[in-house]
Amino acid sequence: MIVHPRAAASDDADLFNMLAKVQPASLGHYLASGSIPSGIRALAPVQRMVGRAMTVKQPLPDGVPVHLALDELREGDILVIDRQSDHQVACVGEMVARAAFHAGAAGIVVDGVVTDIEELAALGLPVYARGTSVITTRSLGVPGAELFGTVSIGGVAVSTGDILFGDMNGILCLGVSHVDLQDLIERALADERREVEWRQRLAAGESLADLNGTRQRAASVCSVAVTP
1 MIVHPRAAAS DDADLFNMLA KVQPASLGHY LASGSIPSGI RALAPVQRMV
51 GRAMTVKQPL PDGVPVHLAL DELREGDILV IDRQSDHQVA CVGEMVARAA
101 FHAGAAGIVV DGVVTDIEEL AALGLPVYAR GTSVITTRSL GVPGAELFGT
151 VSIGGVAVST GDILFGDMNG ILCLGVSHVD LQDLIERALA DERREVEWRQ
201 RLAAGESLAD LNGTRQRAAS VCSVAVTP
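So for the sequence shown, full-length UniProt numbering puts the first residue at 1; every next one is plus one.
Below, the structure written as C-alpha coordinates:
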(Lines of atoms letter the chains of each structure in order from A and count residues from 1; the text may use other names and numbers.)
(Lines give C-alpha, C1' and ligand atoms only; values in the text may rest on other atoms or scores of the structure.)
Protein backbone atom coordinates (compact mmCIF):
# COMPACT_ATOMS: atom_id res chain seq x y z
CA MET A 1 0.00 0.00 0.00
CA ILE A 2 1.28 3.46 -0.92
CA VAL A 3 1.23 5.79 2.09
CA HIS A 4 1.39 9.50 1.24
CA PRO A 5 2.66 12.15 3.68
CA ARG A 6 0.06 13.57 6.04
CA ALA A 7 -0.05 17.02 7.62
CA ALA A 8 -0.09 17.47 11.38
CA ALA A 9 -3.45 17.68 13.11
CA SER A 10 -5.06 21.13 13.34
CA ASP A 11 -7.27 22.72 15.98
CA ASP A 12 -10.66 22.95 14.30
CA ALA A 13 -12.90 23.25 17.35
CA ASP A 14 -14.04 26.85 16.79
CA LEU A 15 -14.60 26.40 13.05
CA PHE A 16 -16.49 23.14 13.45
CA ASN A 17 -18.65 24.61 16.21
CA MET A 18 -19.64 27.37 13.79
CA LEU A 19 -20.39 24.88 11.03
CA ALA A 20 -22.55 22.81 13.38
CA LYS A 21 -24.92 25.78 13.74
CA VAL A 22 -25.71 26.09 10.02
CA GLN A 23 -27.32 23.82 7.45
CA PRO A 24 -25.07 22.58 4.63
CA ALA A 25 -27.65 23.71 2.06
CA SER A 26 -27.60 27.25 3.50
CA LEU A 27 -23.83 27.32 3.02
CA GLY A 28 -24.13 25.67 -0.38
CA HIS A 29 -26.28 28.60 -1.53
CA TYR A 30 -23.01 30.55 -1.84
CA LEU A 31 -20.90 27.81 -3.45
CA ALA A 32 -20.63 26.75 -7.08
CA SER A 33 -18.73 23.49 -6.56
CA GLY A 34 -17.72 20.93 -3.97
CA SER A 35 -21.01 19.07 -3.61
CA ILE A 36 -20.64 15.29 -3.52
CA PRO A 37 -23.12 13.85 -6.09
CA SER A 38 -26.46 12.71 -4.72
CA GLY A 39 -25.82 9.04 -5.56
CA ILE A 40 -23.65 8.96 -2.44
CA ARG A 41 -26.20 9.47 0.32
CA ALA A 42 -26.81 8.96 4.02
CA LEU A 43 -28.07 5.42 4.52
CA ALA A 44 -29.73 6.18 7.87
CA PRO A 45 -31.02 9.41 9.43
CA VAL A 46 -28.18 11.73 10.48
CA GLN A 47 -28.07 15.22 11.96
CA ARG A 48 -24.82 16.88 10.89
CA MET A 49 -21.45 15.47 9.94
CA VAL A 50 -18.37 17.68 10.03
CA GLY A 51 -14.72 16.70 10.11
CA ARG A 52 -11.55 16.34 8.06
CA ALA A 53 -11.21 13.60 5.48
CA MET A 54 -8.82 10.69 5.89
CA THR A 55 -8.70 9.00 2.51
CA VAL A 56 -8.23 5.43 1.35
CA LYS A 57 -8.09 4.33 -2.28
CA GLN A 58 -9.14 0.67 -2.43
CA PRO A 59 -9.35 -0.60 -6.02
CA LEU A 60 -9.63 -4.32 -5.25
CA PRO A 61 -11.99 -6.42 -3.06
CA ASP A 62 -9.32 -6.46 -0.36
CA GLY A 63 -10.28 -5.52 3.19
CA VAL A 64 -6.69 -5.03 4.36
CA PRO A 65 -6.27 -1.33 3.35
CA VAL A 66 -9.36 -0.17 5.25
CA HIS A 67 -8.52 -2.29 8.31
CA LEU A 68 -5.03 -0.77 8.46
CA ALA A 69 -6.40 2.73 7.85
CA LEU A 70 -8.61 2.45 10.93
CA ASP A 71 -5.49 2.62 13.11
CA GLU A 72 -4.56 5.97 11.51
CA LEU A 73 -7.83 7.74 12.34
CA ARG A 74 -7.62 10.88 14.43
CA GLU A 75 -10.40 12.22 16.63
CA GLY A 76 -12.96 13.91 14.38
CA ASP A 77 -11.72 12.37 11.12
CA ILE A 78 -14.11 11.23 8.42
CA LEU A 79 -13.02 7.96 6.81
CA VAL A 80 -13.33 8.43 3.03
CA ILE A 81 -13.04 5.35 0.80
CA ASP A 82 -12.72 5.41 -2.98
CA ARG A 83 -13.69 1.97 -4.30
CA GLN A 84 -12.57 2.80 -7.83
CA SER A 85 -15.97 2.17 -9.46
CA ASP A 86 -16.59 -1.14 -7.63
CA HIS A 87 -20.21 -0.94 -6.51
CA GLN A 88 -20.64 -4.67 -5.83
CA VAL A 89 -18.34 -5.51 -2.91
CA ALA A 90 -18.95 -3.87 0.48
CA CYS A 91 -15.85 -2.55 2.25
CA VAL A 92 -17.64 -1.30 5.39
CA GLY A 93 -19.81 -3.30 7.76
CA GLU A 94 -20.55 -3.31 11.46
CA MET A 95 -17.03 -4.13 12.68
CA VAL A 96 -15.31 -1.53 10.50
CA ALA A 97 -17.88 1.08 11.53
CA ARG A 98 -17.51 0.18 15.21
CA ALA A 99 -13.73 0.44 14.99
CA ALA A 100 -14.04 3.86 13.35
CA PHE A 101 -16.61 4.97 15.92
CA HIS A 102 -14.42 3.99 18.87
CA ALA A 103 -11.42 5.68 17.23
CA GLY A 104 -13.38 8.94 17.35
CA ALA A 105 -14.35 9.18 13.69
CA ALA A 106 -17.03 11.72 12.80
CA GLY A 107 -18.36 9.66 9.90
CA ILE A 108 -17.66 7.38 6.93
CA VAL A 109 -18.08 8.22 3.24
CA VAL A 110 -17.78 5.45 0.63
CA ASP A 111 -17.92 5.80 -3.13
CA GLY A 112 -19.16 2.24 -3.23
CA VAL A 113 -21.40 0.03 -1.11
CA VAL A 114 -21.60 -1.08 2.52
CA THR A 115 -23.28 -3.88 4.45
CA ASP A 116 -24.90 -4.48 7.88
CA ILE A 117 -27.15 -1.47 7.35
CA GLU A 118 -29.30 -2.11 10.44
CA GLU A 119 -26.24 -2.34 12.68
CA LEU A 120 -24.76 0.81 11.12
CA ALA A 121 -28.00 2.70 11.75
CA ALA A 122 -28.08 1.55 15.38
CA LEU A 123 -24.47 2.65 15.91
CA GLY A 124 -25.36 6.24 15.08
CA LEU A 125 -22.19 7.03 13.12
CA PRO A 126 -23.02 8.93 9.90
CA VAL A 127 -22.38 6.61 6.94
CA TYR A 128 -22.75 7.73 3.33
CA ALA A 129 -22.54 5.30 0.41
CA ARG A 130 -24.14 4.37 -2.91
CA GLY A 131 -26.10 1.50 -1.38
CA THR A 132 -25.71 -1.91 0.23
CA SER A 133 -24.43 -5.35 -0.71
CA VAL A 134 -24.22 -8.81 0.82
CA ILE A 135 -20.86 -9.47 -0.86
CA THR A 136 -17.94 -8.24 1.23
CA THR A 137 -14.20 -7.71 0.98
CA ARG A 138 -11.70 -10.36 2.06
CA SER A 139 -8.18 -10.15 3.50
CA LEU A 140 -6.11 -10.55 0.35
CA GLY A 141 -3.10 -8.32 0.98
CA VAL A 142 -2.72 -7.41 -2.70
CA PRO A 143 -1.05 -4.21 -4.00
CA GLY A 144 -2.83 -1.20 -5.45
CA ALA A 145 -4.23 0.65 -2.43
CA GLU A 146 -3.27 4.15 -1.27
CA LEU A 147 -3.59 5.95 2.07
CA PHE A 148 -3.76 9.75 2.60
CA GLY A 149 -3.77 10.53 -1.13
CA THR A 150 -6.31 12.35 -3.28
CA VAL A 151 -9.33 10.23 -4.16
CA SER A 152 -12.40 10.66 -6.34
CA ILE A 153 -15.76 10.55 -4.58
CA GLY A 154 -18.50 10.73 -7.16
CA GLY A 155 -16.10 12.61 -9.42
CA VAL A 156 -15.20 15.17 -6.75
CA ALA A 157 -11.54 15.25 -5.72
CA VAL A 158 -11.16 14.76 -1.96
CA SER A 159 -7.79 14.92 -0.21
CA THR A 160 -6.80 13.95 3.30
CA GLY A 161 -7.36 17.04 5.44
CA ASP A 162 -10.25 18.43 3.39
CA ILE A 163 -13.22 19.62 5.45
CA LEU A 164 -16.39 17.61 4.81
CA PHE A 165 -19.75 18.95 5.97
CA GLY A 166 -22.97 17.00 5.48
CA ASP A 167 -26.47 16.10 6.57
CA MET A 168 -29.38 14.14 5.08
CA ASN A 169 -29.35 16.38 2.00
CA GLY A 170 -25.76 15.62 1.01
CA ILE A 171 -22.12 16.50 1.61
CA LEU A 172 -19.97 19.53 0.84
CA CYS A 173 -16.22 19.21 0.35
CA LEU A 174 -14.80 22.56 1.50
CA GLY A 175 -11.10 21.91 0.90
CA VAL A 176 -8.28 22.07 3.42
CA SER A 177 -8.68 25.78 4.13
CA HIS A 178 -11.52 27.77 2.58
CA VAL A 179 -10.42 31.41 2.86
CA ASP A 180 -13.97 32.79 2.91
CA LEU A 181 -15.54 30.05 5.01
CA GLN A 182 -16.15 32.05 8.18
CA ASP A 183 -17.76 34.87 6.20
CA LEU A 184 -19.92 32.38 4.28
CA ILE A 185 -21.05 30.74 7.52
CA GLU A 186 -22.09 34.11 8.95
CA ARG A 187 -24.05 34.95 5.78
CA ALA A 188 -25.74 31.54 5.83
CA LEU A 189 -26.69 31.96 9.50
CA ALA A 190 -28.17 35.38 8.71
CA ASP A 191 -30.23 33.78 5.94
CA GLU A 192 -31.55 31.14 8.33
CA ARG A 193 -32.52 33.77 10.91
CA ARG A 194 -34.42 35.68 8.21
CA GLU A 195 -36.24 32.51 7.16
CA VAL A 196 -37.77 32.24 10.65
CA GLU A 197 -39.71 35.43 9.88
CA TRP A 198 -40.43 34.36 6.31
CA ARG A 199 -42.20 31.21 7.50
CA GLN A 200 -44.71 33.32 9.38
CA ARG A 201 -45.17 35.77 6.51
CA LEU A 202 -45.65 32.98 3.95
CA ALA A 203 -48.27 31.42 6.22
CA ALA A 204 -50.01 34.80 6.22
CA GLY A 205 -50.22 34.72 2.43
CA GLU A 206 -47.28 36.88 1.34
CA SER A 207 -45.44 36.12 -1.90
CA LEU A 208 -42.01 34.49 -1.78
CA ALA A 209 -41.04 36.51 -4.86
CA ASP A 210 -41.72 39.68 -2.85
CA LEU A 211 -39.99 38.47 0.30
CA ASN A 212 -36.72 37.48 -1.36
CA GLY A 213 -36.61 40.36 -3.85
CA THR A 214 -37.08 38.21 -6.93
CA ARG A 215 -39.94 40.30 -8.28
CA GLN A 216 -37.99 43.54 -7.92
CA ARG A 217 -34.90 42.10 -9.60
CA ALA A 218 -36.97 40.64 -12.41
CA ALA A 219 -38.66 43.98 -13.02
CA SER A 220 -35.31 45.73 -13.32
CA VAL A 221 -34.16 43.48 -16.18
CA CYS A 222 -37.42 43.01 -18.04
CA SER A 223 -37.61 44.87 -21.33
CA VAL A 224 -40.73 46.66 -22.44
CA ALA A 225 -41.99 45.68 -25.88
CA VAL A 226 -42.47 48.69 -28.12
CA THR A 227 -45.03 48.46 -30.93
CA PRO A 228 -43.67 50.03 -34.13
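All C-beta atoms in this analysis are idealised placements derived from N, C-alpha and C, irrespective of residue type, glycine included.
Give the C-beta separation of residue i and residue j to the nearest angstrom, bearing in mind that I take them to be a contact with Cβ-Cβ under 8 Å.
i	j	result
ARG83	CYS91	6 Å
GLY166	THR55	With 8 Å as the limit, GLY166 and THR55 do not qualify as a contact, their Cβ atoms being about 16 Å apart.
THR136	GLY104	About 24 Å separates the two Cβ atoms, so there is no contact after all.
GLY155	ALA106	Not quite, the Cβ-Cβ distance comes to about 23 Å (not below 8 Å), so this is no contact.
VAL89	SER133	7 Å
Three-state secondary structure (DSSP) at residue i?
i	result
ALA129	strand
VAL224	Reliability fails at VAL224, whose pLDDT of 48 lies under 50, so the model's placement of it is uncertain and no value is given.
LEU164	strand
ARG193	helix
LEU181	helix
GLY93	coil
SER159	strand
SER26	helix
GLU206	coil
ALA137	Before going further, note that residue 137 is Thr rather than Ala in the sequence given. Of the three classes helix, strand and coil, the one that applies to THR137 here is coil, per DSSP.
What's the call for residue i, buried or exposed, on a 16-neighbour Cβ count within 10 Å?
i	result
ILE163	buried
ARG52	buried
ASP11	exposed
ILE40	buried
LEU184	buried
MET49	buried
LEU208	exposed
ALA122	exposed
ASP210	exposed
TYR30	exposed
What is the residue span of the alpha helix (DSSP H) that residue i lies within?
i	result
ALA122	117–123
MET18	13–19
If you follow the beta strand (DSSP E) that residue i is part of, which residue opens it and which one closes it?
i	result
ASP111	107–111
LEU172	170–173
ILE153	150–153
task: Go through the region 31–89 residue by residue and report every complete run of the beta strand (DSSP E) that reaches 3 residues or more, in order.
output: 49–57, 77–82
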